[in-house]
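**Q** One structure, pasted below without further comment.
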Amino acid sequence: MSYNPASSSSNLLSGLEGQISADEEPTPTAAAPQRSFSSSAPPPPTSLGSVQTSGSGSADKDASILSQSAHPVALIFLYLFRVAAIATYLLCGFFSSSYVFSTVLVVILLSLDFWTVRNVSGRILCGLRFWNQVDEDGTSFWVFEHRSPDQPANAVDAKMFWIALYAFPAAWVLLFFVGLLKFNLSFLPIVLLALVFNITNTVGYTYADRDAKRKWATGMAAGGMMGGLGGFGGSLVTGMASQALGKFFG
Numbered sequence: 001m002s003y004n005p006a007s008s009s010s011n012l013l014s015g016l017e018g019q020i021s022a023d024e025e026p027t028p029t030a031a032a033p034q035r036s037f038s039s040s041a042p043p044p045p046t047s048l049g050s051v052q053t054s055g056s057g058s059a060d061k062d063a064s065i066l067s068q069s070a071h072p073v074a075l076i077f078l079y080l081f082r083v084a085a086i087a088t089y090l091l092c093g094f095f096s097s098s099y100v101f102s103t104v105l106v107v108i109l110l111s112l113d114f115w116t117v118r119n120v121s122g123r124i125l126c127g128l129r130f131w132n133q134v135d136e137d138g139t140s141f142w143v144f145e146h147r148s149p150d151q152p153a154n155a156v157d158a159k160m161f162w163i164a165l166y167a168f169p170a171a172w173v174l175l176f177f178v179g180l181l182k183f184n185l186s187f188l189p190i191v192l193l194a195l196v197f198n199i200t201n202t203v204g205y206t207y208a209d210r211d212a213k214r215k216w217a218t219g220m221a222a223g224g225m226m227g228g229l230g231g232f233g234g235s236l237v238t239g240m241a242s243q244a245l246g247k248f249f250g
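For the sequence shown, UniProt numbering begins at 1 and goes up steadily by one.
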């Protein structure tokens, strides 16, 4: 594989090239994830919070994640490939004795997860994207894109995305140390490949998020400064005009 994580991680400082436009207009249910009630069970008139009156247990809480998500299909595939890769790595020995088959299957799942998270999940769920660009002179640098702050991402989608982005690399690190303790060295290259894929996406999106917040803060500060100057200039011009009219009319 030609991917070099050492060279890519050293070039993570780059400028903002553009903004990601929203794929679709936010629906009323997706734009307000703070309070969601079932259509079949209206909220009690005296309740001010999102307390559920039906004792359905944890099943309703799990279902509410997808119901509050603006892009449930993207959220499902985000976790599907990651869970499938770890499950195949742990359980492949019970279903097949072929090391080559198990390795190829895990690598395929890891590759699908890497491509999905980098090109689909991050752009749809949290409005971020990054890639590596090479100029004509051979200079390599990272490019970050972010969605406009006027079109924020769904709160549930963003939360579940960042949980998956940090939880699964930690799980692969744990599996790496378990493999070392059990002297299961034959599968350690798979774990290392999983760590390279997962950590690359984690670091890339972390820098993209920081770059987006920095650009937003800079834009807000510049807008506030220009607004202050505009107000001061307007009051100055108004005062001068009133004085001139007062002198003219005596």
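Built from N, CA and C at the ideal position, the CB exists for glycine as well. Everything numeric in this text was worked out from a predicted model, so none of it was measured.
1) Does the Cβ of S69 have 16 or more other Cβ atoms within 10 Å, making it buried, or fewer, making it exposed?
2) DSSP three-state label for S186, please.
3) Could you give the residue range of the alpha helix (DSSP H) that holds L106?
4) Which first and last residues belong to the alpha helix (DSSP H) in which V178 is found?
5) According to DSSP, is Q151 part of a helix, a strand, or is it coil?
6) What residue range is occupied by the uninterrupted alpha helix (DSSP H) comprising R82?
7) Sort out for me which residues DSSP pairs S140 with in a bridge.
8) Pairs of beta-carbons, one from the region 196-208 and one from the region 124-144, closer than 8 Å: are there three or more?
9) Identify which residue in V73, W216, G179, A74 has its Cα closest to the Cα of D150.
10) Using 8 Å for Cβ pairs, my map puts W162 next to A194. What's the rounded Cβ distance?
11) Taking R147 as the reference, which of S186, S64, G127, A87 has the closest Cα?
12) Any contact of the region 175-195 with the region 151-161, i.e. 3+ C-beta pairs under 8 Å?
13) Spatial neighbours of F248 within its chain, please: CB distance less than 6 Å, with the 5 preceding and 5 following residues excluded, ordered by chain position.
14) Pull up the distance between the alpha-carbon of V178 and that of N184, whole angstroms please.
15) Whole-angstrom Cβ separation of S140 and A74, contact assumed at under 8 Å?
16) Spatial neighbours of L80 within its chain, please: CB distance less than 7 Å, with the 5 preceding and 5 following residues excluded, ordered by chain position.
17) Is it the case that the Cβ atoms of V100 and I190 are separated by a distance below 8 Å?
18) Let me know the secondary structure DSSP gives P26 once reduced to three states.
**A** Put simply:
1) Classification for S69: buried.
2) Secondary structure of S186 (DSSP, three-state): helix.
3) For clarity, residue 106 is Val in the given sequence; the question names Leu instead. For V106, the uninterrupted alpha helix (DSSP H) segment begins and ends at 99-116.
4) Here the alpha helix (DSSP H) through V178 covers 155-181.
5) DSSP places Q151 in coil when its eight states are reduced to three.
6) Element bounds for R82: 72-95.
7) Secondary-structure assignment with DSSP links S140 through a beta bridge to V134.
8) Yes, the region 196-208 touches the region 124-144.
9) Nearest Cα to D150 within the set V73, W216, G179, A74: W216.
10) Rounded to whole angstroms, the Cβ separation of W162 and A194 is 19 Å, and the two are not in contact under 8 Å.
11) With distances taken between Cα atoms, R147 lies closest to G127.
12) No, the region 175-195 is not in contact with the region 151-161.
13) Below a pLDDT of 50, predicted positions are generally treated as unreliable, and F248, at 45, falls in that range; the measurement from the model is reported next regardless. Nothing meets the Cβ criterion.
14) Distance between the alpha carbons of V178 and N184 is about 8 Å.
15) Not confirmed; about 29 Å, so no contact.
16) Non-local C-beta neighbours of L80 in its own chain, meaning closer than 7 Å and more than five positions away in sequence, are absent.
17) Going by beta carbons, V100 and I190 fall outside the 8 Å limit.
18) Residue placement at P26 is flagged as unreliable, the pLDDT there being 48, under the threshold of 50; a coordinate-derived value is accordingly withheld.
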